[in-house]
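Taking it in order: structure first as structure tokens, then the write-up.
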Amino acid sequence: MANKINVKLILELKAAGLSQNLIAKTRHISKTSISDVLSIAQQKQIFYDAIKDKPEDEVYRLFYPDKFSAESTFKIPDYSYVHNELKKVGVTLKLLHQEYKDMCFKEGSIAVGYTKFTEDYRTYTKQCNLSNHLYHKPGQTVEVDWSGSHMEVVDCHTGEVVKVHLFVACLPYSQYAYVEPTLDEKQDTWLRCHIHMYEFFGGVPVKTVCDNLKTGVIKHPKEGDIILNDAYEGLGSHYVTAIMPTGVRKPKQKASVEGTVGKIATAIIAKLRHKTFYSFADLKESIAEALNAFNAAPFQKRQYSRKEVFEEEKQHLRVLPKIPYEVATWEYNRKVYPNSHVCVCKNYYSVPFAYAGQYVDVKLTESIVEIYTNHQRISSHPKFPLYVSNHYATHKEDMPDAFNQPEMNDLRLKQWAASIGTHTSEVIERLFKSVTIKEQAYNSALSVLKLSKTYSNERLETACEIALPMTRIPRYKHLKGILASNQDVLYAEQKQSKVGSKVDKETSGYVRGADYYGGIIGYGK
Numbered sequence: 001m002a003n004k005i006n007v008k009l010i011l012e013l014k015a016a017g018l019s020q021n022l023i024a025k026t027r028h029i030s031k032t033s034i035s036d037v038l039s040i041a042q043q044k045q046i047f048y049d050a051i052k053d054k055p056e057d058e059v060y061r062l063f064y065p066d067k068f069s070a071e072s073t074f075k076i077p078d079y080s081y082v083h084n085e086l087k088k089v090g091v092t093l094k095l096l097h098q099e100y101k102d103m104c105f106k107e108g109s110i111a112v113g114y115t116k117f118t119e120d121y122r123t124y125t126k127q128c129n130l131s132n133h134l135y136h137k138p139g140q141t142v143e144v145d146w147s148g149s150h151m152e153v154v155d156c157h158t159g160e161v162v163k164v165h166l167f168v169a170c171l172p173y174s175q176y177a178y179v180e181p182t183l184d185e186k187q188d189t190w191l192r193c194h195i196h197m198y199e200f201f202g203g204v205p206v207k208t209v210c211d212n213l214k215t216g217v218i219k220h221p222k223e224g225d226i227i228l229n230d231a232y233e234g235l236g237s238h239y240v241t242a243i244m245p246t247g248v249r250k251p252k253q254k255a256s257v258e259g260t261v262g263k264i265a266t267a268i269i270a271k272l273r274h275k276t277f278y279s280f281a282d283l284k285e286s287i288a289e290a291l292n293a294f295n296a297a298p299f300q301k302r303q304y305s306r307k308e309v310f311e312e313e314k315q316h317l318r319v320l321p322k323i324p325y326e327v328a329t330w331e332y333n334r335k336v337y338p339n340s341h342v343c344v345c346k347n348y349y350s351v352p353f354a355y356a357g358q359y360v361d362v363k364l365t366e367s368i369v370e371i372y373t374n375h376q377r378i379s380s381h382p383k384f385p386l387y388v389s390n391h392y393a394t395h396k397e398d399m400p401d402a403f404n405q406p407e408m409n410d411l412r413l414k415q416w417a418a419s420i421g422t423h424t425s426e427v428i429e430r431l432f433k434s435v436t437i438k439e440q441a442y443n444s445a446l447s448v449l450k451l452s453k454t455y456s457n458e459r460l461e462t463a464c465e466i467a468l469p470m471t472r473i474p475r476y477k478h479l480k481g482i483l484a485s486n487q488d489v490l491y492a493e494q495k496q497s498k499v500g501s502k503v504d505k506e507t508s509g510y511v512r513g514a515d516y517y518g519g520i521i522g523y524g525k
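According to UniProt numbering, the stretch in the sequence shown is residues 1 to 525, in order.
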């Protein structure tokens, strides 16, 4: 009974051993009321065991018979019903009070006033520890952030360990979560994660609450307008959601996602910690499976799961736009190499050989690389993952016939390498064996061979000799590093020193004098 002292609760907590101060602090009941109840209980010798099975009204009547008769003339609102209705979109305390008054009028009972109604509701939520739920309504908000914890993927080509970041989102009403692994925390990645998140939810909340990240927020003053970057603001406009950064250093304003980050660390990162991932796709698939299990698992103290509550909330989300927001970046004036490839993000993509030596523009989306000249698309390729480098994407039809490119072919490059030395020849052979189409190796081979013009044939041959045992496919950057640091010169000097030492050992030792041999001859005589 929210407008009465909760006599039964006070007796129960006191019987459980709680002090008056602790009862007052945890249940938001005044110390005077608690002291008054315990004093009456002592006078009337009423103990919790005797009244624990009695209704609250009956217990209250035992302690305050005069007050009960006066208060019982009012129709007491059902604050449990009020609390649940407030979770629904558009429902306010004023609306519920009006509905309560209408019901009382029909029943011929007396309704409490609006002020009393709101005060008693606040008391109810405090005593039941339900105040947090008041602020979350279905379909209203999604909270987004980067996780502070990371995962890893091993590049199967190089063995390099690549750090993986986690984008985390949570719908506060249902606690339904979304997690996406990424290779960086750049603006384009941030925006794409939002697009995938809305698609995962199957709709868009009214508000998207984020932290004050540089990828999305330019300025967040204490007073005045918040300034978002154009791309983030454009995404919000496209999906008709209000982008709302939290107050600076106020994580409680997005407490749901802050709490979910910790739970995700246990449910996903810790769960997958013993598994080694050799591709980003495998890691992404495993995270998706763990996320589904996390959302489907029942809450600790409830019989339902995040997914079950989300099915109710989903009906309140706004409809997705027919066309997703496109995140694209452009790179201008990229030169086409003689091998008909353009270098983009440390990988190579082919264009028709007629464009070799010309300059082109490149459009990059999440999964596609498109190459343009004079606003016309001339080639398109699936995009390599960010952690991959020195890979080639080649359309066979882009490559010229041998007679169309006599100045550049594998035979001439191999002959050039052979003229330098056997180790250089081996490096060039390995480069050609590492590609599917021979033209893919032209640029790499040519850059290696041109080092001979800068450092001499002898030094390049020595550098290749050093690099071959160290790496499976020596490339320009390996050999350039050896030559620039004069490792080849030191290696050659050490090698020459060892050869000289060996010759000395072979020509030295114990040398017998002429008398010795003469003595032997004399002895023979």
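We treat Cβ as the ideally placed atom computed from N, Cα and C, and that holds for glycine.
Bear in mind the structure is a predicted one, so any value in this text is a computation, not a measurement.
What does the Cβ neighbour count give for residue i, buried or exposed, with the cut at 16 atoms within 10 Å?
i, result
"H478", "buried"
"L191", "buried"
"I368", "exposed"
"S174", "buried"
"C193", "buried"
"Y332", "exposed"
"T125", "buried"
"N295", "buried"
"N292", "exposed"
"Y349", "buried"
"E180", "buried"
"C156", "exposed"
"V112", "buried"
"G17", "exposed"
"Y81", "exposed"
"Y304", "exposed"
"K525", "Low confidence applies here, because K525 scores a pLDDT of 36, under 50, leaving its location unreliable; read the following figure in that light. Burial call: exposed."
"M103", "exposed"
"T507", "For T507, the pLDDT reaches just 45, beneath the cut-off of 50, and the residue's location in the model is therefore unreliable, leaving the point undetermined."
Can you look up residue i in the DSSP assignment and give me helix, strand or coil?
i, result
"D184", "coil"
"K271", "coil"
"H375", "coil"
"M151", "strand"
"I10", "helix"
"K207", "strand"
"F167", "strand"
"Y491", "helix"
"S389", "coil"
"I264", "helix"
"I368", "strand"
"A177", "strand"
"H381", "strand"
"V319", "coil"
"V435", "coil"
"G17", "coil"
Over what stretch of residues does the alpha helix (DSSP H) that includes residue i continue unbroken?
i, result
"D230", "230–239"
"F294", "280–296"
"K44", "31–44"
"E311", "306–313"
"T26", "20–27"
Would you please state the rounded distance, in angstroms, between the beta carbons of residue i and residue j? I believe it to be under 8 Å.
i, j, result
"F310", "Y198", "So it is not a contact: roughly 14 Å between Cβ atoms."
"A445", "I428", "5 Å"
"T208", "V153", "With 8 Å as the limit, T208 and V153 do not qualify as a contact, their Cβ atoms being about 28 Å apart."
"A15", "Y48", "4 Å"
"N443", "H341", "7 Å"
"F353", "D410", "With a Cβ gap of about 16 Å, F353 and D410 do not count as contacting."
"I378", "Y355", "7 Å"
"I5", "S33", "5 Å"
Residue range of the beta strand (DSSP E) that residue i falls in?
i, result
"V360", "359–364"
"R412", "Taken as a continuous stretch (DSSP letters only), R412 belongs to no beta strand (DSSP E), being part of the alpha helix (DSSP H) at 410–420."
"A484", "Note, A484: premise wrong, no beta strand (DSSP E); alpha helix (DSSP H) at 476–484."
"I243", "242–245"
"E143", "141–146"
I want to see whether chain C comes within less than 8 Å of residue i, judged by CB atoms only; does it?
i, result
"M197", "Absent from the structure: chain C. Only one protein chain is present."
### Query
Residue ranges of each alpha helix (DSSP H) run of no fewer than 4 residues wholly in the region 50–124, ordered along the chain?
List check, alpha helix (DSSP H) in window: 56–63, 65–71, 79–86, 93–107.
### Task
Go through the region 324–351 residue by residue and report every complete run of the beta strand (DSSP E) that reaches 3 residues or more, in order.
329–335, 341–344, 347–350, all fully within the region 324–351.
#### Entry: Start-end ranges of the beta strand (DSSP E) lying completely within the region 448–477, minimum 3 residues
If you keep only unbroken beta strand (DSSP E) runs of at least 3 residues inside the region 448–477, you get nothing at all.
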